[in-house]
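What follows is a short report on a single structure.
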Amino acid sequence: MDPGTPPLASTEDGALEEYWVPDGENSESLAPESAPPAPHACTYCGLENAQLAVKCGTCDKWFCNGKGTLAGSHIVTHLVQSKHNVVCLHEQLPLGAETLECYHCGNRNVFLLGFVAAKQDLVVVVLCRLPCAHQRDMNWETSEWQPLVDGRLLLSWVAPAPLQEDMAHTRPILGDTVRRLEAQWRMNKDASVADVDPAADPADALLPVLLRYNDAATYHNSWVPLVEAEAECDRSLKESQALEHISLVWATLASGAHQAQFTLSTYENNNLLIAVGEELQLHYRGLGAADPESWSGMGRIVLLPSARSEFFTVELNRLPVLPPTHATTGFTVEFLWKGIPYARMLTAVKRFATDEKSVSAHLYHTILGHEVVNVEFNSSVPKNFAVPGLTVLNASQQKAVQSAVRRPLLLIQGPPGTGKTVTSLAIIYYLTKYQKTRVLVCAPLNVAVDHLTQKLRAAGINAVRLYAKTRENTESAMLDHCSLSLAAESLSPKLQKLYAKYKQGYELAPKDLTKLMGSLRASEKAILKGADVVCSTCIGAMDSRLSGSFSTVLIDESTQACELEALIPVVKGAKQLILVGDHHQLGPVIIDKRASKAGLSQSLFERLIALGHVPSRLEIQYRMNPALSEFPSNMFYEGSLQNGVTLEDRTWERLTFPWPVPGCPMMFWVNYGKEEMSANGSSYLNRVEAMNVEKIISKLFMDGIKPDQIGVITPYEGQRAYIAHYMQLNTLIASKRAQYEEVEIQSVDAFQGREKDFIILSCVRANEDRNIGFLSDPRRLNVALTRAKYGMVVLGNPRSLSRNKLWNRLLVHYRERGCLVEGPLDNLQFSLVPLTEFKDHPPINKRGFQQANQGYNMPDDMQSMLSYIPDDDDYAEMPVLGHSGFDDQTTLDDVRWPQLSANQVSRLEALNEEFERSVGGFPAGRGDEERTKSKGNSRATQDEANLQSIAHAFASALNI
1 MDPGTPPLAS TEDGALEEYW VPDGENSESL APESAPPAPH ACTYCGLENA
51 QLAVKCGTCD KWFCNGKGTL AGSHIVTHLV QSKHNVVCLH EQLPLGAETL
101 ECYHCGNRNV FLLGFVAAKQ DLVVVVLCRL PCAHQRDMNW ETSEWQPLVD
151 GRLLLSWVAP APLQEDMAHT RPILGDTVRR LEAQWRMNKD ASVADVDPAA
201 DPADALLPVL LRYNDAATYH NSWVPLVEAE AECDRSLKES QALEHISLVW
251 ATLASGAHQA QFTLSTYENN NLLIAVGEEL QLHYRGLGAA DPESWSGMGR
301 IVLLPSARSE FFTVELNRLP VLPPTHATTG FTVEFLWKGI PYARMLTAVK
351 RFATDEKSVS AHLYHTILGH EVVNVEFNSS VPKNFAVPGL TVLNASQQKA
401 VQSAVRRPLL LIQGPPGTGK TVTSLAIIYY LTKYQKTRVL VCAPLNVAVD
451 HLTQKLRAAG INAVRLYAKT RENTESAMLD HCSLSLAAES LSPKLQKLYA
501 KYKQGYELAP KDLTKLMGSL RASEKAILKG ADVVCSTCIG AMDSRLSGSF
551 STVLIDESTQ ACELEALIPV VKGAKQLILV GDHHQLGPVI IDKRASKAGL
601 SQSLFERLIA LGHVPSRLEI QYRMNPALSE FPSNMFYEGS LQNGVTLEDR
651 TWERLTFPWP VPGCPMMFWV NYGKEEMSAN GSSYLNRVEA MNVEKIISKL
701 FMDGIKPDQI GVITPYEGQR AYIAHYMQLN TLIASKRAQY EEVEIQSVDA
751 FQGREKDFII LSCVRANEDR NIGFLSDPRR LNVALTRAKY GMVVLGNPRS
801 LSRNKLWNRL LVHYRERGCL VEGPLDNLQF SLVPLTEFKD HPPINKRGFQ
851 QANQGYNMPD DMQSMLSYIP DDDDYAEMPV LGHSGFDDQT TLDDVRWPQL
901 SANQVSRLEA LNEEFERSVG GFPAGRGDEE RTKSKGNSRA TQDEANLQSI
951 AHAFASALNI
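For the sequence shown, position 744 matches number 744 in the UniProt record's numbering, and the numbering has no gaps at all.
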């Protein structure tokens, strides 16, 4: 510490207080409340210089433009955390007391605002990025537009950043304190830093999950807090998505039911995370809460915006009070949170722990991580086995099918394009046709379940798709073919007429409705009972309509489900479990960062591999041009992927696209555009890359490539929205605009499991710090690079990307093959851009990606996009993929246990006692005959082992 720097006050436990103690004064005489702060003082750090003060125009709190220890300035950090976007300047700032807004349209979203110079006068003008900065008839140098927020700071001529001496006597504030303070403000707008404990409460820490568990009590107690934390985080996120001042367009159906449509700008929609079937509440206040016209009504989303419609469509529930259809403005939309998925996870883990019939003893002990005797079923697949309508299985697929029907547990790893679906179909076909076994087929996402169901029906398998009740009345190609809506066809003609009226929204008499629902339930039960295969999401497997047990369970895309999500179908009585997935591709989407770090982001598939279960890997890919598959094979799969297609099979004839190397349809196009914060402040965009994406698409269109053959992948929602909007504004011909709108622009997550003929990847990140955020996640890169069949273009800034070892390998790969280029699209030249050099650069197929990237980040981006801008240190805290991320609980006798405080011990004991009280204890010796003896005979008593195992987890969490 500098001699002139005042010391920090310290509490009894050593924690530092967030205020300074000048020399010669004691801490008691300097309480933070001793002198009231100036009205314009920074709410974070307390800086009181009016010449450095800016105000949030939404909540009227003052901040400075200094960073301190945060990744962004205090005002920008607040705007991002609170989802506010209006900035007002103090009167003593150079621009005076102004609210920043677009000169042309009045838009006040500071993340959309930038400045341009006038063509004649010596002035600058503030304009919004879209659409005003793209107007062609304005008197501004719009090509020189620059954002007002750069590097997470307001530009210095807008609001100067404090100097070091300005910050010397301010209150240091950390990211955790900011997050807790912002959370407090949602409940109490008058809260201050003094109301937030600077040290996290140890009781709030989540204990990490284990690799092995002594018993189901420990297993249950490890997972429940994580699920509860995730549920609370999800609830807070959902309830924060309220939309105000919404305009509605009303429609009345023939049945008398009402529909309401509303639209949002592309940017307002950035962070809106909703799906078809979700429930919401509409409010209309009239002239105030006491106005007689005030109204509130419930409804659900039936249609989302698409390339053909910009509207969200809501169908209202029938209410005694009719909606105010004469009003079109002044509405508020609140989205309702339902905790059904989390409740079902908790039910599943409790059932696993207490119900002996929920799962076989073999699977029970395997899931807990115990050593069990290997067993095989007396079953074998004929050598000439084939599924009607499918191609002949290759050797690795045949091996996987053979193993699946013989073992009680099998993991099937399917790298991109290797035919996971074909293999799953073959397994299900054999089990249902040859062994007459009923199979429960699940996947985490509806789109994967729909795809599997269609393939099963096409193969002649009697499969039924079980939808959640909220989705049954929404548009889906599956509903007319194999869902429970077929139950209506077995009704009497009279009931079918009633059902038709019910579907159209007509109100039925109570007696008719009761009779109809009873008949439908009976018909649904008969259909489910008669089906050979029932398909549902993992969460849907606990639907009350799906009674009875399933001895065989197959979970597709299982690596995208967290462990307890995958456990839901397993506890339906599984004796045989087949997990299909690829742990080198994207994992579960977890919102709560604490729960993710504690292990909720790990799939059951991954933990079983960490336990030593060797997956059956599919080894022949049929998707990519061999030139495209080379890098993913060497980097992610130890060079084991073989090509089932040739260069000729994946060469597009008569294509004039300027590939740098003939016969090698790939290139990395060097772009030096700078990243900018998106309109909601929580994502990024890159205007230069967006402009070049449009040029690539235009060139492909000229070669006759259709819109549905092209996919644009970008990791950031801000870039996705900007590209879509840019192409609409940049295309003057209406027919051409429709063509551009049909090009799919999505995130990496949305493209997992899918393919396109041509893929364009926009990397976005380009900054002076050379921080690339979650682009450093190898699984995300693996998915992005393996979607294309015929050609792949990557746009990015090598100077930023090459600082990461994984991306450095990719850039070196492109450079060695002559595919690293720069310049205009019609005159590309080999790029000589210098790449960061790493000393340890052995051949990539010798090391694989686990060592290529030192630490990777998985704060996932919520259903496809980055939903917040994390602090830079977030990326250094995640484990290297390949390390299990679990604590081991197998050698209890060899562990020297740390001394826990009395409070810690009582907390652990209370946790176990509460659970055992709620379930009435556990069945003793469940399946002991299948469990082998652990190494070493000096085992503590069971009670001591239980306490030790929990203490081990607690010690790990505290780094004792």
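In this text, a Cβ means the ideal position worked out from N, Cα and C, and glycines have one as well.
None of the values given here were measured: they were computed from a predicted structure.
Under the DSSP definition of a beta bridge, C664 partners with V661. Annotation for P37: G46, E48 place their beta carbon closer than 7 Å to its own, counting only its chain and skipping 5 residues before and after.
By the 16-neighbour rule on beta-carbons within 10 angstroms, G791 is buried.
Per the DSSP secondary-structure output, A53 pairs in a beta bridge with C64. Beta-bridge partners of Q281 (DSSP): M298, E334. With fewer than 16 other Cβ atoms from the protein chains shown falling within 10 Å of its own Cβ, Q120 counts as exposed. Residue nearest to H365 within the set A327, A216, T329, V645 is A216 (criterion: CA-CA distance). Considering only L303, Y726, R809, the residue with the shortest C-alpha distance to P798 is R809.
In this structure V533 is not in contact with I427, their Cβ atoms being roughly 11 Å apart against a cut-off of 8 Å. In the three-state DSSP reduction, C538 falls in the coil class, being neither helix nor strand.
In the DSSP assignment, V224 falls outside any beta strand (DSSP E) and lies within the alpha helix (DSSP H) extending over 216-239. Leaving aside the five residues that flank N462 on each side, the residues in its chain whose CB is nearer than 8 Å to its CB run, in chain order, T432, G530, A531, D532, V533. No residue range can be given for D195, since it is assigned to no alpha helix (DSSP H) and is classified by DSSP as neither H nor E. The continuous stretches of beta strand (DSSP E) do not include G530, which lies in the alpha helix (DSSP H) extending over residues 510-530. Runs of the alpha helix (DSSP H) spanning 4 or more residues and lying entirely within the UniProt region "C4" (102-132) do not occur at all.
Shown here, K357 sits in a helix according to DSSP, grouped into three states.
Shortest Cα-Cα distance from G644 to any of E653, T656, A627 involves A627. Annotation for K756: the continuous beta strand (DSSP E) segment containing it runs 756-762. If you draw a 10 Å sphere on the C-beta of Y434, you find fewer than 16 other C-beta atoms in it, and that means exposed.
In the three-state reduction of the DSSP assignment, K789 falls in the strand class, which pools E and B. The residue among H258, Y284, Y213 with its C-alpha nearest the C-alpha of L243 is Y284. Separation of the CB atoms of S222 and L211 is rounded to 11 Å, and the pair is thereby denied contact status at 8 Å. In the DSSP secondary-structure assignment, N446 is not bridged to any residue.
Going by C-alpha positions, E822 is about 13 Å away from P834. The C-alpha of S747 is placed about 15 Å away from the C-alpha of V447. In this structure, DSSP gives F550 a state outside helix and strand, which the three-state scheme calls coil. With distances taken between CA atoms, Q135 lies nearest to N730 out of N730, T836, S424.
The three-state reading of DSSP puts Y684 in strand, counting E and B together. The region 366-383 and the region 340-350 do not touch, with fewer than three beta-carbon pairs separated by less than 8 Å. Listed in chain order, the non-local C-beta contacts of I759 below 7 Å within the same chain comprise G711, I713, R787, A788, M792, local neighbours out to five positions each way being set aside. For R406, the enclosing alpha helix (DSSP H) stretches over residues 395-406. Counted as a single uninterrupted DSSP element, the beta strand (DSSP E) harbouring Q746 occupies residues 744-746.
Considering only P320, I274, P324, the residue with the shortest C-alpha distance to G286 is P324.
Cβ neighbours of L811 within its own chain (closer than 8 Å, five residues either side excluded): F668, P798, L801, S802, L820, L835. Between A386 and V392 the beta-carbon gap is near 6 Å, inside 8 Å, which marks them as a contact. Distance between Q259 and W295, taken at the CA atoms: about 15 Å.
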